[in-house]
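Asker: So the sequence shown is numbered by the working numbering: it starts at 79 and just counts up by one.
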Amino acid sequence: MTLSVFPSLDGLEWNTTKRPEFKTGLFEALSGHESRVKFRQYPKYTFKVSFEFLIENQDEAQLTALMGFMLQQGGMYQAFLYTDPNDNAVTGQVIGTGNGTLSTFQLLRDYGGFTEPVNNVNDTVAAPSLYIDGVLKTLTTHYTLSSTGLVTFGTAPGTGAVISWTGSYYYRVRFTAEGYDFTQLMRDLHECQDVEFIGSVRNVV
């Protein structure tokens with residue numbers, strides 16, 4: 079199933095928020111000693127964005143674009159794709175080292191030393207580029223790329239060969255509420271505050 083992409087509109091405010099969050103089980107003994115269990119290997123990210131203006135007239139249809147998008151998702155029901163303006167691409171990201179046998183590698187992205195699998199490649203502008211020891215490889219000729227970011231080479235990279243990629247990716251997210259308020263400020267002008275969605279660079283929602 080092809081997911082919709084969250085619309086890019088001029089009225090987006092600068093003060094957006096992004097919250098990475100893990101899930102930990104915490105147990106405390108009578109002595110006060112803690113035991114902890116990690117329930118998430120990777121975080122989920124909550125985004126909150128606001129649109130300070132949405133123009134709706136014969137030249138602009140921003141209100142229709144945003145509200146129509148929300149209606150299509152059915153509240154929290156349907157997942158969609160979101161481009162984080164500050165975290166959406168990698169250059170020369172290492173995804174593995176060859177051993178002469180392994181031919182399948184998962185696309186990854188490193189953020190401040192924390193590495194996560196990337197499941198949703200953004201190829202709308204350009205297809206991702208794959209390299210072995212810095213040498214560009216050709217899609218379909220040298221490798222295939224699945225819809226979840228799994229790279230499979232026709233010939234396993236040699237021992238010690240460094241596999242890397244350059245490209246863009248989406249977050250896969252869903253809304254955290256069934257609806258949001260659209261406020262009319264004046265004729266042909268609306269706003270929509272605190273639109274919140276949650277997800278990951280992986281397919282978890």
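Backbone N, C-alpha and C define an ideal beta-carbon position, used for all residues, glycine too.
Since the model is a prediction, treat every value here as computed from it, not as a measurement.
#1: Say whether chain C places a C-beta atom closer than 8 Å to the C-beta of T261.
#2: What does D188 pair with, by DSSP beta-bridge criteria?
#3: Please state whether the Cβ-Cβ distance between L214 and A205 is less than 8 Å.
#4: What residues in its chain sit with their C-beta under 6 Å from that of Y209, if we drop five residues either side in the sequence?
#5: With DSSP run on the structure shown, which of helix, strand or coil describes L217?
#6: Start and end of the beta strand (DSSP E) containing F253?
#7: Assess, as a yes-or-no matter, whether the segment 122-139 is touched by the segment 221-234 under the definition of 3 or more beta carbon pairs within less than 8 Å.
#8: Which runs of the alpha helix (DSSP H) at least 4 residues long sit entirely within the segment 122-179? Give them in chain order.
#9: How should R250 be labelled, buried or exposed, when 16 other C-beta atoms within 10 angstroms of its C-beta is the threshold for buried?
#10: Buried or exposed: which applies to M148, given that a residue is buried once 16 or more other Cβ atoms fall within 10 Å of its Cβ?
#11: Quick check on E134: buried or exposed, where buried means 16 or more other Cβ atoms within 10 Å of its Cβ?
#12: Quick check on DSSP: helix, strand or coil for E112?
#13: Considering F231, what are the terminal residues of the beta strand (DSSP E) in which it resides?
#14: Please confirm whether Q171 and R252 have their CB atoms less than 8 Å apart.
#15: For R280, which of L267, S86 and N166 has the nearest alpha-carbon?
Answerer: With the given structure in hand:
#1: In summary, chain C is missing from the structure at hand, where a single protein chain is found.
#2: T193
#3: no
#4: S242
#5: strand
#6: Y249 to F253
#7: no
#8: 140-151
#9: buried
#10: buried
#11: buried
#12: strand
#13: L228 to F231
#14: no
#15: N166
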